[in-house]
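What follows is a single structure, written as structure tokens, with notes after it.
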Ligand SMILES: Nc1ncnc2c1ncn2[C@@H]1O[C@H](COP(=O)(O)OP(=O)(O)O)[C@@H](O)[C@H]1O
Ligand SMILES: [Mg+2]
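Numbering (this note's numbering), first residue to last: 231 to 493.
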């Protein structure tokens, strides 16, 4: 059965795009046919961090009735199929968010998982993805403004007939995760489905335009994402032996030799 998840938050910058790209890539790596649609049509980022910024046909063209969905699907190296949005303001203005429903109906025929990277805020393009998903996953940072905005998004989801599966707490301080989980479940009133620690490799991976789960698969954030993906896919999660994303021997050797900074 196909599952459609919208990754939402309320507040911008909580890590929706990071989660969408990496959860999607991980599901694909687990052998699930997975698509990711960048429904953040105003502030499109998926294409940028996946190296698809020059994609000739994007969701913008499809939502403006100027392009075919088949031409807007790009297979990334992790085998995740991505439908990026364009970065032009004009493209955003011409795109009709209501058409996202039709695009979704078309995509669910082809995959096992469809992830939708939602925009922040409660404008029309933000509300449609909350209403059409089977489940909404909230990405929250452990800070009050993020929690309050996530609560608003949860209420809005329910108002428009959607359903919240739970939340992912992103950018945590690892030691405090138990306390944060309890607090979050109490305040937000949803299950915590995963905790992703603050991890400097996230930024490194996005500069390299590669998902962290591929570039640094054993780093703390990657392992947390793998656990969430395994749960969603109904696959038992195996903890890897390595504890940190270590620089490879050759990289370290050449860095010392050429006095380069670590990546
Ligand atoms: N777990 C993390 N550790 C470190 N940096 C992170 C983490 N998650 C996200 N970031 C950084 O936070 C910023 C915002 O993330 P992004 O996914 O673009 O948020 P959103 O899509 O919600 O606006 C990015 O620069 C990203 O690299
Ligand atoms: Mg984003």
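The C-beta atom is built at its ideal place from N, Cα and C for all residues, glycine as well.
Beta-bridge pairing of residue i - partner residues as DSSP gives them
i: residue 265; result: 311, 344
i: residue 279; result: According to DSSP, residue 279 bridges with nothing at all.
i: residue 305; result: 311
Collapsed DSSP secondary structure at residue i in the structure displayed
i: residue 235; result: strand
i: residue 260; result: coil
i: residue 373; result: coil
i: residue 338; result: coil
i: residue 287; result: coil
i: residue 367; result: strand
i: residue 327; result: helix
i: residue 244; result: coil
i: residue 270; result: coil
i: residue 359; result: helix
i: residue 352; result: coil
i: residue 250; result: helix
i: residue 299; result: helix
i: residue 316; result: coil
i: residue 473; result: Residue placement at residue 473 is poorly supported in this model, since its pLDDT is 47, which falls under 50; the coordinates are not used for a value here.
i: residue 322; result: helix
Should the segment 434-449 be regarded as contacting the segment 403-416, the criterion being three or more beta carbon pairs within less than 8 Å?
Counting Cβ pairs under 8 Å, fewer than three are found: no touch.
ask   = At which residue ranges does the segment 381-467 contain complete alpha helix (DSSP H) runs of 4 or more residues, listed in the order of the chain?
value = Considered as a whole, the segment 381-467 harbours 407-418, 430-437, 442-445, 450-463 as its complete alpha helix (DSSP H) runs of no fewer than 4 residues, in chain order.
Is the segment 309-324 touching the segment 242-258, taking contact as three or more C-beta pairs under 8 Å?
-> Touching, yes, given that three or more Cβ pairs across the two stretches are closer than 8 Å.
Q. If you pair each beta-carbon of the segment 420-428 with each one of the segment 270-286, do three or more pairs fall below 8 Å?
A. No contact exists between the segment 420-428 and the segment 270-286.
*Take every Cβ of the segment 238-253, pair it with every Cβ of the segment 356-371, and state whether three or more of those distances are shorter than 8 Å.*
Yes: the two stretches touch, three or more of their Cβ pairs being nearer than 8 Å.
With a threshold of 8 Å, are at least 3 pairs of Cβ atoms found where one atom belongs to the segment 334-345 and the other to the segment 390-406?
Not touching, per the Cβ criterion.
With contact counted as at least three CB pairs below 8 Å, one residue from each stretch, are the segment 353-366 and the segment 318-329 in contact? Because the criterion of three Cβ pairs below 8 Å is met, the segment 353-366 and the segment 318-329 touch.
Hey, is the segment 257-272 in contact with the segment 285-293, meaning 3+ C-beta pairs nearer than 8 Å? The segment 257-272 vs the segment 285-293: in contact.
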